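Oh and the sequence shown: position 29 is 64 in our numbering, straight run, nothing missing. Note that CB positions come from ideal geometry on N, CA and C, so glycine has one too. This structure is a prediction, so every number in the text was calculated from the model and none was measured. Remarks on the structure that follows.
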Amino acid sequence: MSKNNYTSPGDLTFKEILILIPIAIIIVLLCNYNSDFILLFILLLICFGIYIISSKTKFKQLLRLLALFLLLHLIIFPVIYIALLKYDSDSFEFDKGVLNSEKNNSLVEINSKYVPIDLENNIKLIDKILLIDSSKLNLPFEILHDGNLLLVKNYIFGLQLTHGIPPQMFTTVFSIYDSTGKFISMLNENDDNNSLNFNGSIHDFINKKKNDYQTKLANCNKDIRRVIEKEDIWSYRRIISYSINIFLLEI
């Protein structure tokens, strides 16, 4: 009685597992940077996984064709589309309704990313604070550690440190209240352990935050102009849905 010439999909060799481990690590690392990379690598891993499993089953040729088909339609073609659209936004003609919808989605994402109204309000608030003629603003920033509060004219400043994600990250929450203790706003500084080592004065810290907010606001306006004027709205995550539709129509 002859034996089957294939094994179960779960019987991966040690070499194949070693190949999958670094790919999984790359995906985890990219989770902190770009959602497009996450999606691309997940799909690439799926294609790679189907290809590996194919050699362990009696449907070897069918699964390898499927892996190739997925690789072309979900990875290679979309990446080519994006490259062409980045070079020339008129490389492909999209329905006007689709284009307007994607443009609006892009503007909503930009607004959610930067929250420009908060940036503008904080810049205005900081400008008012920096106009205050008080030597207290020149006190070292570290005096606000350990929950100390500082009254400067019509404002009260306080500082709290909270753990972020991952745990070694800190968020320095610089809270601003009016003279009655009513909360006005907070200036968040996302940084590593160096958040605790700001060596300048309170004035320096507030001024630094103003510069940070101005830079973010400038980047926000730049991204908005890029979407409105150049229609630079396409990314892998956006184009993949249209590529999947083409893929489904061909099945």
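Between Ile145 and Val262, the C-beta spacing is below 8 Å. Counting along the chain, Val133 sits inside the alpha helix (DSSP H) bounded by residues Lys131 to Tyr149. Residue environment for Ile115: exposed (fewer than 16 other C-beta atoms within 10 angstroms of its C-beta). Bounds of any alpha helix (DSSP H) do not take in Leu107, whose DSSP letter is neither H nor E.
Val208 is bridged by DSSP to Gln195 and Asn223.
Apart from sequence neighbours up to five positions away, the residues of its chain that approach Leu185 with a beta-carbon distance below 8 Å are Lys171, Leu174, Ile178, Leu179, Ile191, Phe192, Gly193 and Ile237, ordered along the chain.
Taking the C-beta atoms as reference points, Ser169 is found nearer than 8 Å to Val187. Take the alpha-carbon of Ala253 and the one of Phe112: they are about 34 Å apart. Less than 8 Å separates the beta-carbon of Leu142 from that of Ile259. In the displayed model, Ser214 falls within coil according to three-state DSSP, outside both helix and strand. Where Leu184 is concerned, the enclosing beta strand (DSSP E) starts and stops at Leu184 to Val187. Straight through space, the alpha carbons of Phe72 and Asn234 are spaced by roughly 37 Å. DSSP places Asn254 inside the alpha helix (DSSP H), whose first and last residues are Ile237 to Lys265. The beta carbon of Asn157 lies closer than 7 Å to those of Ser220, Leu222 and Tyr248 in the same chain, with the five residues before and after it left out.
With 16 or more neighbouring CB atoms inside 10 Å of its own CB, Thr207 falls in the buried class. Between the C-alpha atoms of Lys91 and Asn139 there is a straight-line separation of about 47 Å. Residues Tyr212 of the same chain have their beta carbon placed closer than 6 Å to that of Phe218, with the five preceding and five following residues left out of the count. In this model, Asn135 and Arg273 are separated by some 13 Å (Cα to Cα). The distance from the Cβ of Ser89 to that of Leu98 is about 3 Å, consistent with a contact at the 8 Å cut-off.
Nearest in C-alpha terms to Ile275, of all of Phe176, Leu105 and Leu165, is Leu105. Comparing alpha-carbon positions, the option among Gly84, Ser147, Ser214 and Tyr122 lying closest to Lys265 turns out to be Tyr122.
Separation of the CB atoms of Asn242 and Leu165 is rounded to 7 Å, and the pair is thereby assigned contact status at 8 Å. In this structure, His108 and Ser278 form a Cβ contact; the two beta carbons are roughly 6 Å apart against a cut-off of 8 Å.
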